[in-house]
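Asks: Residue numbers (the working numbering): 17 to 374. Submitted below is the structure of interest, expressed as C-alpha cells.
Here's what the structure looks like:
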C-alpha cells in the first residue's frame, strides 16, 4: 500500500506543476481534466496521510509496550494500538476504492429522458412517478434540475419527459438508472382491482460540452414551430419551439419549454450533443462490458433493471439481486442506497480486474 501511495504522491506533484502551466490553462478541455485529477488526488492523499499517521502510531505504541513499565502508559499504548489496528484495514479498503481508475464521464452533468413504455395510460403515470422520484433525489443531493421538453399523458404523467441535472459528479451516480423500470400495481383506471405490469424506459446521457462533440451546422436542419401544452398565449402562439435534425445520424432533439426561441435552440443543441456523445460512449461501454462479467452501469438500455411492486411494498434491483421492502421512501427519492450497492458491485468487479482481489 505504501508503494502505491508513493506513486500517487509523485503523480500529485506532477499534476500540481501541470495545472499552472500556461499551455494547460489555455486548453479548456485539458485544464478541466487536470483540475479534476488534482482534486481526486488531493482526496486520496488526505486518506494517505491518515494511513501513514496510523502506521506511525502503531510503531510508537508497540515500542512503548515493549519498553515502558508505567501501568498507565502501558494501558494508553495498548488502547492506541487497538484503535489503530482496527482502523487500518478499513482505511486500506477506502484507499483501494479511491485508487480505482475514475471514469472521466462521472463528473459530467446529465440529460435524463424518461419514456412511457408498455401499459398505456398507467405507463405514462409511472413515467411521471419516476420523474418526481428523480427530482426529489436531485434536491437531496443539492443538484439543479431543469425541464427541457415533455409530452404529457392523457391521464397524467408523461409520454416522454426530458430534463437536465447539474451538480457535482452527477453522471457518476445517475448512470446506474439507465434501463427499463417496471411497476406492478393496480392502476387508477382498473375497476376489478387487478394488478397490472407497466414499464418506462430511462436514458441517462452525459452532457457533452462543445469541445467534446463538434457539430457541423450544415449537418443540422432546424425547424421552428408553436409550442403545445401549458404555457399561455405567449408560448403557444409564437414559433418559439425548436426541433433539430442531425442529417448524418437521423437523431432528433427538440425543446419547447422556454418562451425564447434562442433559449429553446440552445437547450436542443445540448440534447443533440449529448445524444451524439452517448452513441460513441455506448460503443466504449460495450467494449468494457465484454471484458467484465458484469457491468451494472452499461447494461442494454432495453434490459429490465428494476421492479417497483406496490402490493408487496418492495423494490427489486435485478442487476445485483437486491430486494428492499421500502418502496414508499424509494419512490419519494431515497434511491441512494440502491445506487451505493450498484457502485459497490461495479467497483468490486474493477478491483478483480486490477488483480486486487484473488
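Glycine is no exception: its CB is placed at the ideal position from the N, C-alpha and C atoms. All figures in this text were calculated on a predicted structure; none of them were measured in a lab.
With which residues is residue 216 paired in a DSSP beta bridge?
Replies: BP columns for residue 216 point to 132 and 197.
Asks: Do the region 258–275 and the region 233–245 touch if we need at least three Cβ pairs shorter than 8 Å?
Replies: At 8 Å Cβ cutoff, the stretches touch.
Asks: Considering only the alpha carbon of each residue, which of 336, 351 and 81 lies closest to residue 343?
Replies: Closest by alpha carbon: 351.
Asks: Could you please give me the residues that DSSP links to residue 270 through a beta bridge?
Replies: 259.
Asks: Only counting the same chain, and skipping five residues up and downstream in sequence, which positions put a Cβ closer than 6 Å to that of residue 345?
Replies: Result list for residue 345: empty, nothing under 6 Å.
Asks: Should the region 163–175 be regarded as contacting the region 92–112, the criterion being three or more beta carbon pairs within less than 8 Å?
Replies: In short, these stretches do not touch, since the Cβ pair count stays below three.
Asks: If we call anything under 8 Å between Cβ atoms a contact, is residue 231 one with residue 291?
Replies: Not in contact: residue 231 and residue 291 (Cβ atoms no closer than 8 Å).
Asks: Count the other CB atoms, across all protein chains shown, that sit within 10 Å of the CB of residue 89; report buried if there are 16 or more and exposed otherwise.
Replies: Exposed is the call here.
Asks: State the DSSP-derived secondary structure class of residue 202, mapped to helix, strand or coil.
Replies: Note: residue 202 maps to coil in three-state DSSP.
Asks: Out of curiosity, what's the CA-to-CA distance linking residue 282 and residue 276?
Replies: So the alpha carbons of these two residues sit roughly 10 Å apart.
Asks: On the premise that residue 187 lies in contact with residue 94, defined as a C-beta separation below 8 Å, what is that separation, rounded to the nearest angstrom?
Replies: That belief does not hold up - the Cβ atoms of residue 94 and residue 187 are roughly 47 Å apart, past 8 Å.
Asks: Mapping the DSSP letters down to three states, classify residue 188 as helix, strand or coil.
Replies: Reduced to three states, the DSSP call for residue 188 is helix.
Asks: Would you mind giving the Cβ-Cβ distance between residue 339 and residue 215, rounded to the nearest angstrom? I have them listed as a contact below 8 Å.
Replies: Rounded, the Cβ-Cβ distance is 19 Å, inconsistent with contact.
Asks: So, is residue 297 buried or exposed, given that buried needs 16 or more other C-beta atoms within 10 angstroms?
Replies: Under this definition residue 297 is a buried residue.
Asks: Taking the beta strand (DSSP E) that residue 167 falls in, what are its first and last residues?
Replies: That run of the beta strand (DSSP E) goes 160–168.
Asks: Count the other CB atoms within 10 Å of the CB of residue 191; is the residue buried (16 or more) or exposed (fewer)?
Replies: Classification of residue 191: buried, given that the 10 Å Cβ count is 16 or more.
Asks: CB-CB under 7 Å to residue 157, same chain, minus the five flanking residues each way: which ones, in chain order?
Replies: Result list for residue 157: 183, in chain order.
Asks: So is residue 210 buried or exposed if we call it buried at 16+ other beta carbons inside 10 Å?
Replies: Classification of residue 210: exposed, given that the 10 Å Cβ count is below 16.
Asks: Going by C-alpha distance, which of 58, 79 and 200 is nearest residue 21?
Replies: For the residues 58, 79 and 200, the minimum Cα distance to residue 21 belongs to 58.
Asks: Below 8 Å on the Cβ atoms is my guess for residue 224 versus residue 243; work out the distance and round it to an integer in Å.
Replies: Not confirmed; about 25 Å, so no contact.
Asks: If you count every other CB in all the chains shown that lies within 10 Å of the CB of residue 295, and 16 or more means buried, which is it?
Replies: Classification for residue 295: exposed.
Asks: Taking buried to mean at least 16 other C-beta atoms within 10 Å of its own C-beta, is residue 145 buried or exposed?
Replies: Under this definition residue 145 is a buried residue.
Asks: Which runs of the alpha helix (DSSP H) fall wholly inside the region 56–81 and span at least 4 residues, in chain order?
Replies: For the region 56–81, not a single whole alpha helix (DSSP H) run of length 4 or above is found.
Asks: Excluding the five sequence neighbours on either side, which residues of its own chain have a C-beta within less than 6 Å of the C-beta of residue 10, listed in chain order?
Replies: One cannot answer for residue 10 here, as it falls past the ends of the chain, which runs 17 to 374.
Asks: Could you please give me the residues that DSSP links to residue 238 through a beta bridge?
Replies: Bridge partners of residue 238: 260.
Asks: Which residues bound the alpha helix (DSSP H) around residue 110?
Replies: Segment 87–115, the alpha helix (DSSP H) holding residue 110.
Asks: Is it the case that the Cβ atoms of residue 49 and residue 117 are separated by a distance below 8 Å?
Replies: No, they are not a contact pair.
Asks: Just to check, is the beta-carbon of residue 242 closer than 7 Å to a non-hydrogen atom of the ligand PLP?
Replies: With respect to the ligand PLP, the structure shown offers nothing to examine, as it has no ligands at all.
Asks: Since residue 138 is in the alpha helix (DSSP H), which residue starts that stretch and which ends it?
Replies: Its alpha helix (DSSP H) spans residues 137–157.
Asks: Determine the direct distance from the alpha carbon of residue 152 to that of residue 248, and round the result to whole angstroms.
Replies: In this prediction, residue 248 scores a pLDDT of 43, lower than 50, which makes its location untrustworthy; the coordinate-derived value is nonetheless stated afterwards. Rounded to the nearest angstrom, the two C-alpha atoms are 27 Å apart.
Asks: Does DSSP classify residue 341 as helix, strand or coil?
Replies: Coil.
Asks: In this structure, what does DSSP give as the bridge partners for residue 222?
Replies: Per DSSP, 126.
Asks: Please work out which residues of its chain come closer than 7 Å, Cβ to Cβ, to residue 250, disregarding the five sequence neighbours upstream and downstream, and give them in chain order.
Replies: Unreliable positioning characterises residue 250 in this predicted model, as indicated by a pLDDT of 44, which lies under 50. The coordinate reading is nonetheless provided below. Around residue 250: 275.
Asks: Going by alpha carbons, who is nearest to residue 74 out of 92, 273, 130 and 168?
Replies: Measuring from the Cα of residue 74, the nearest candidate turns out to be 92.
Asks: Three-state secondary structure (DSSP) at residue 175?
Replies: Of the three classes helix, strand and coil, the one that applies to residue 175 here is strand, per DSSP.
Asks: Counting C-beta neighbours from all protein chains within 10 Å, is the total for residue 67 16 or more, i.e. buried, or is it exposed?
Replies: Buried, since its Cβ has 16 or more Cβ neighbours within 10 Å.
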